[in-house]
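Peer 1: Per the UniProt record's numbering: the sequence shown = residues 1 to 1032.
Virtual Cβ for every residue (Gly too), placed ideally from N, Cα, C.
Mind looking over this structure? Questions follow.
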Amino acid sequence: MSDCDNSDPRTDNLPSTSHDGGTLPANFASVTPAADAATEATVSLAIHQYQPFSPVDVLPSQGGGPESANRAAVRNKLLIHSLSRRAPADDQDGIASGRSDGPGENCTPGSSSAKALKIGDIPKLRGLPPKGQYTALELQIIRLKEKYPDCLLVVEVGYKYRLFGQDARAAAPILHLAQYLDRLMHTCSFPTHRFMVHVQKLVDHGFKVAHIRQTETAALKAAGDNRSAPFEREVSDIYTKGTMVVDADSSAKSKSTSSNLIMCVLEEIVSNTRVQCSFCSIQVTTGEWIYDTYDDDSVRSRTETRIHHLEPAEILFSTHVSSALKAVLNEATERSGMRQEALDFLAASPARDYVRHYVELRLEHPSAGGEQPSTTPASVELQKRLDSLSDRAVIPVCSLLKYLQQFKLDRLFSLFQFAKPFAGRGYMLLTADTLNNLELFRSADGGQEYGSLFWLLCRCRTAFGRRLLRRYLSQPLLELTSLRQRQDMIKELSLKNKSSVILDIVCAQFQHMPDLEQFLHRLYVHRSRPSEVIRMLQILTSLSNQLQSYQPTDEFDSPVLRDIFTKLIDAASELGPLLSKVNVAACEQNDKLNMFMTPGVATWFHEVAEGHNSLDQARSAFKKHLEEIRLLLKNPSLEYRVVSGIRYLIEIPASQVKKVPADWVRISATKTAHRFHTPFIIRHLKKEDCAVERLAAICENAFQMFLSEVSCKYGVLRHTVSSLAQLDVCLGLARVGVTEQWVFPEFVENKVGIIVAPNARHPVLSQLMPNYVPNDIQFEGSQKALLLTGPNMGGKSSYIRTVALMVILAQIGCPVPADGKAQFSLFDAVLTRMGASDDSMRGRSTFRRELDEASDVLHRATDRSLVILDELGRGTATFDGTAIAYVTLQWLVEQIRCVTLFVTHYPILDELTRLHPDRLISAHMACMEADEANQSVRGSNSASESTASYRVIFLYKLKPGLASRSYGLNVARLAGLPMELIENARMHSMAFEKRLLAAREQTETRFALFAETWRCQKMQLLHGVSMTNAVP
């Protein structure tokens, strides 16, 4: 589409003082340096290009005529390039804003501190028009940049999009585009059909992108009163990482797996150790709201847990953020590329008033943007939910609503009636450390999905099923009734997966099913394409009709399954009538002009029919004119041609060109034929273009009304898609259980701390390692704590992770990797402290981080929790580390009394097993020593000395008792340290061990002598005998 003052693509770039297509600036020749003949020749060519012209002038004529528009554009760029080379380097910043007019060299992505654009800052380039003589397009860019200083402006200019100034300089390297200096501005461009692809790339890099659209079309502008004025432009959409809503089938979709979730966090510091926090989040892809209020600690560990669970694409926070919270956000940004933006938060009372006013305005007055009156049940539920929020909770809700309004996504706020609290009583607590240590969603090796528990369990065939599985894994159930219902559902699907025709039908539909959840969201915010809407309706009604003939409710025993299939069957009666209102074939082609013209059915939108009649009348004139041309040229078979989008071309063989009337305009030509437009065609093309664009506007309005009607069925669609997601997840978990031969556990009521799993296996490692060694897990009765020792690399961490993963799998209703009869009680949390690394982002040493994590575990744990501590105290001196590990384990055993797995290399902790033999037992991971020189083997608890010829063989089997040594030198040998160094270390180790044993024996002798003396003194006191008279 052309962008011009007179429907021509070049006049937007002419100075604003131009008229009738523009004139050359008065001072252009005078400021042009006469350096050499080549430059002067280039300038003379440019002067020709600034002369007034008509659309016909740019077309090739029979006698040669003026040059083509493409060649002229190229020559004009050569002129600008030659002049720009003579300008100072410091003056080549394009649209100047103190070099901060967008996320460029001195403005980081996502920053909201970009300096406002000032016209007076525009640099003066020698050989270019001075300040004041800006083109109409340049002035538009200046005004828009002042209004949106923190955005990259992507401007529609005719048939392409352009970026200017530092926006172009920032975007060009990312988009792999060439940028150049055009008059006063750096610029780069790309064709219109690549818009979503390039915007997605910019958004993925953290930029905020504003889409600047032309608000009028070339045809209507040419027919209007403002035909000489520049095209009007304004911001139609703004995109960020969290608000980017692309077509569900678009190739521009990001390759990353992160979701479009926006999170808004509020903190109120009460004291140095207590912080009151709240947050609200919206999953833009699905319309799911989550909120929470909670007390946090000094390092914001609970906020970090919520960020790890939700993995937001974008996070909003107050401008007065603390350094502790900022460190957490920076760490999350470094890990996942999360975008940050600071906002000014309202206080509680103004925030509540703002939300209440918004609900009243949007829901009580449909003309203000709402589509339902405030008396509907949905609006009543929304108001109740908002009234139930605390003052601390309503602030982030208000801030997030205001943020969504910038992107025209505030329709999603009506879905807040379905908002869920983050930490409900019905879900197990999994901290951020637990998610990372157990590798639930990302493996420790590279942070990829491969190797994680999610990777193993995900047999889902739909995108919305994958999202639900992630929610299942992050929120294991605590309510026994719901847990048993889900387990019964998965168990029944396991038994009938290969014998049920109904399940075969559903699985066949899943195989090629698009992301219906995203379709539904795009429908709700009125950003759907006709093909998406019709495809969703067709899939759901087709599946519903197929299921009706099989009576699935009679085939299954699980009440959850029966309820799911009932909802799927009922969908046909609700959604079927919508399909009859549109032309399905036109919808599949995204043809809005014909989607409401159903053959044999009167259109329900009469203005569409009137628009089609007007267009038919305009086109009938061309048919009559074609008959006249056939008579004139004596060619009854002549037809109009369409070449390169140019319609109604009359193609004449080259040998008959002389017969063409003189007033015909040649449009294009080849060696064999010439193509023309008659004066009649030129006049009536504008009329037809106007009729087409008026019809397009009418059909767009009708399509929006159709979307509103379909949106009224949002509740039905939402429940139907949710049922399909639940069925997809449970079918996948059933396949895992059948394929891997896992067993369904039994749940023990009214008891705590029970885990019984014979031959338990790590669910992921057992698949990746063919010779994985299983171990029994047995915690029951009063024995709830295990002190685990053993050699390095002996399988200790694998064992404790197996226990934790078994508990999580059991409480999502999934079978577990074990043999025989498995029994579990319900656990309210899985708390872990594993690994050793510093936290430079928050200024924490390795030991400080260990203690922070241990402190968080001790504060959260209850008698129904599973606690795993791996080598606590190793980050400091031996005596301090031993003491901290000792008292921590003692506290867990004596005070909290929860199931605890405590891994250590401190043998002195075994004393606690003697103090609490009914609660704590010790065990070790067994190994053997093979003497390669003498070909002998001995057990891991052998007290004899090891030599360099011994090689440790790991058995990976749990055995009772304390390990005698850790075999650290064996790890050194495996790491490839020099043998001389290892032998030297062995000798020192033996010497240290002898000295320690000698000191221990001396201490034990002295202690025994003291105890004997004390006993004797006590006996003598009882019998009245003085110690001084005693014979030595």
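1. May I have the straight-line CA-CA distance separating residue 1071 from residue 886, to the nearest angstrom?
2. On the criterion of 16 or more Cβ atoms from any shown chain inside 10 Å, does residue 879 qualify as buried, or is it exposed?
3. Would you call the CB atoms of residue 568 and residue 543 closer than 9 Å?
4. Considering only the alpha carbon of each residue, which of 754, 289, 310 lies closest to residue 778?
5. According to DSSP, what are the bridge partners of residue 189?
6. Rank 627, 644, 280 by C-alpha distance to the C-alpha of residue 637 and give the top, closest one.
7. Return the CA-CA distance between residue 616 and residue 292, expressed in angstroms with no decimal places.
8. For the beta strand (DSSP E) that residue 669 lies in, which residues bound it at each end?
9. Along the chain, where does the alpha helix (DSSP H) containing residue 779 start, and where does it finish?
10. Which runs of the alpha helix (DSSP H) spanning at least 4 residues fall entirely within the region 301-345, listed in chain order?
11. Helix, strand or coil: which one does DSSP assign to residue 662?
12. Out of 354, 297, 349, 346, point me to the one whose CA is closest to residue 328's CA.
13. Please specify which runs of the beta strand (DSSP E), each continuous and at least 3 residues long, are wholly inside the region 480-508, giving them in chain order.
14. With DSSP run on the structure shown, which of helix, strand or coil describes residue 266?
15. Quick check: the region 732-740 against the region 485-500, are at least 3 beta-carbon pairs closer than 8 Å?
16. Return the CA-CA distance between residue 381 and residue 418, expressed in angstroms with no decimal places.
17. Any chance the region 784-792 sits against the region 721-732, with 3 or more Cβ pairs inside 8 Å?
18. Who are the Cβ neighbours of residue 147 in its own chain at under 7 Å, not counting the five residues just before and after it?
19. Express the C-alpha separation of residue 149 and residue 694 in angstroms, rounding to a whole number.
20. Looking only at its chain, what residues have a beta carbon closer than 6 Å to the beta carbon of residue 598, apart from the 5 residues adjacent to it on each side?
21. Just to confirm, is the Cβ distance from residue 170 to residue 177 under 9 Å?
22. Would you give the residue range spanned by the alpha helix (DSSP H) that residue 883 belongs to?
23. So is residue 521 buried or exposed if we call it buried at 16+ other beta carbons inside 10 Å?
24. Buried or exposed: which applies to residue 701, given that a residue is buried once 16 or more other Cβ atoms fall within 10 Å of its Cβ?
25. Tell me which same chain residues have a C-beta within less than 7 Å of the C-beta of residue 810, skipping the five on either side of it?
26. Anyone know if the C-beta pair for residue 434 and residue 831 falls short of 9 Å?
27. Closest to residue 747 by C-alpha separation, out of 858, 671, 813, would be which residue?
28. Quick one: what's got a C-beta closer than 6 Å to residue 140's C-beta in the same chain, skipping five residues either side?
29. Within the same chain, show all residues whose beta-carbon is closer than 7 Å to that of residue 720, passing over the 5 residues directly before and after it, in chain order.
30. With distance defined between alpha-carbon atoms, name the residue in 401, 552, 479, 486 nearest to residue 504.
31. Can you list, in chain order, the residues of its chain with a C-beta nearer than 8 Å to that of residue 174? Leave out the 5 residues immediately preceding and following it.
32. Distance check for residue 336 and residue 1005, CA to CA, integer angstroms please.
33. If we count Cβ pairs, one from each stretch, closer than 8 Å, do we get three or more for the region 272-290 versus the region 384-394?
34. Per DSSP, what kind of secondary structure is residue 706 in: helix, strand or coil?
35. Between which residues of its own chain and residue 528 is the CB-CB distance below 8 Å, once the five residues before and five after are set aside?
36. Taking only the alpha-carbon atoms, compute the straight-line gap between residue 643 and residue 165 and give it to the nearest angstrom.
Peer 2: For this structure:
1. Missing from the structure shown is residue 1071; the chain here goes from 1 to 1032 and no further.
2. Position 879 of the sequence shown holds residue 879. Exposed, because fewer than 16 other Cβ atoms sit within 10 Å of the Cβ of residue 879.
3. Locating residue 568 in the sequence shown gives position 568, counting from the first residue. Locating residue 543 in the sequence shown gives position 543, counting from the first residue. The Cβ atoms of residue 568 and residue 543 lie closer than 9 Å to each other.
4. For the purposes of this step, residue 778 is taken as the residue at position 778 of the sequence shown. The candidate whose alpha carbon is nearest that of residue 778 is 754.
5. On the sequence shown, residue 189 is found 189 positions in, with the first residue counted as 1. Residue 189 pairs with 162.
6. For the purposes of this step, residue 637 is taken as the residue at position 637 of the sequence shown. It is 627 whose Cα lies nearest to the Cα of residue 637.
7. On the sequence shown, residue 616 is found 616 positions in, with the first residue counted as 1. On the sequence shown, residue 292 is found 292 positions in, with the first residue counted as 1. Residue 616 and residue 292: Cα-Cα distance of roughly 59 Å.
8. Residue numbering aside, residue 669 sits at position 669 when the sequence shown is read from its first letter. First-last of the beta strand (DSSP E) with residue 669: 665-669.
9. Walking along the sequence shown from the start, residue 779 turns up at place 779. Run containing residue 779: none in the alpha helix (DSSP H); it sits in the beta strand (DSSP E), 775-779.
10. Counting only runs of 4 or more, we get 301-310, 323-336.
11. Position 662 of the sequence shown holds residue 662. Correct three-state label for residue 662: coil.
12. To locate residue 328, count along the sequence shown from 1; it is residue 328. Ranking 354, 297, 349, 346 by Cα distance to residue 328 puts 297 first.
13. Taking 3 residues as the shortest admissible run, the region 480-508 contains no complete beta strand (DSSP E) segment at all.
14. Residue mapping note: residue 266 aligns to position 266 of the sequence shown, counting from 1. Residue 266: strand per DSSP, three-state reduction.
15. The region 485-500, when compared against the region 732-740, does touch it at the 8 Å Cβ threshold.
16. Taking the first residue of the sequence shown as position 1, residue 381 is located at position 381. Taking the first residue of the sequence shown as position 1, residue 418 is located at position 418. Going from the Cα of residue 381 to the Cα of residue 418 covers about 9 Å.
17. Flag = no, the region 784-792 and the region 721-732 do not touch.
18. On the sequence shown, residue 147 is found 147 positions in, with the first residue counted as 1. If we look at residue 147 and ignore the five residues flanking it on each side, it has no Cβ neighbours.
19. For the purposes of this step, residue 694 is identified with residue 694 of the sequence shown, where counting begins at 1. For the purposes of this step, residue 149 is identified with residue 149 of the sequence shown, where counting begins at 1. About 35 Å.
20. Mapped onto the sequence shown, residue 598 falls at position 598. These residues qualify, in order along the chain: 583.
21. Residue numbering aside, residue 170 sits at position 170 when the sequence shown is read from its first letter. Residue numbering aside, residue 177 sits at position 177 when the sequence shown is read from its first letter. No, the pair does not count as a contact, with Cβ atoms beyond the cut-off.
22. For the purposes of this step, residue 883 is identified with residue 883 of the sequence shown, where counting begins at 1. Per DSSP, residue 883 belongs to the alpha helix (DSSP H) from 878-891.
23. Within the sequence shown, residue 521 is the residue found at index 521, counting from 1. Buried: at least 16 other Cβ atoms inside 10 Å.
24. Stepping through the sequence shown from its first residue, residue 701 is reached at position 701. Answer is exposed; the Cβ neighbour count stays below 16.
25. Residue numbering aside, residue 810 sits at position 810 when the sequence shown is read from its first letter. Once the five neighbours on either side are set aside, the close Cβ partners of residue 810 are 745, 816, 824.
26. As a working note, residue 434 is residue 434 in the sequence shown. As a working note, residue 831 is residue 831 in the sequence shown. Yes, Cβ-Cβ distance for residue 434 and residue 831 is below 9 Å.
27. Here residue 747 refers to the residue found at position 747 of the sequence shown. The shortest CA-to-CA distance from residue 747 to any of 858, 671, 813 is the one to 813.
28. Translated into the one-based positions of the sequence shown, residue 140 becomes position 140. The answer, listed in chain order, is 233.
29. Counting from one through the sequence shown, the residue named residue 720 turns up at place 720. Non-local C-beta neighbours of residue 720 in its own chain, meaning closer than 7 Å and more than five positions away in sequence, comprise 540, 567, 568, 571, ordered along the chain.
30. In the sequence shown, the residue the question calls residue 504 occupies position 504. Measuring from the Cα of residue 504, the nearest candidate turns out to be 552.
31. Here residue 174 refers to the residue found at position 174 when the sequence shown is read from its first residue. If we look at residue 174 and ignore the five residues flanking it on each side, its Cβ neighbours are 201, 202, 205.
32. Walking along the sequence shown from the start, residue 1005 turns up at place 1005. Walking along the sequence shown from the start, residue 336 turns up at place 336. Their Cα atoms are separated by approximately 59 Å.
33. They touch, by the three-pair rule.
34. One-based indexing of the sequence shown puts residue 706 at position 706. DSSP places residue 706 within a helical segment (H, G or I) once states are collapsed to three.
35. The residue labelled residue 528 in the question sits at position 528 within the sequence shown. Contacts found: 519, 522, 707.
36. Looking up residue 643 in the sequence shown gives position 643. Looking up residue 165 in the sequence shown gives position 165. Roughly 36 Å between the two C-alpha positions.
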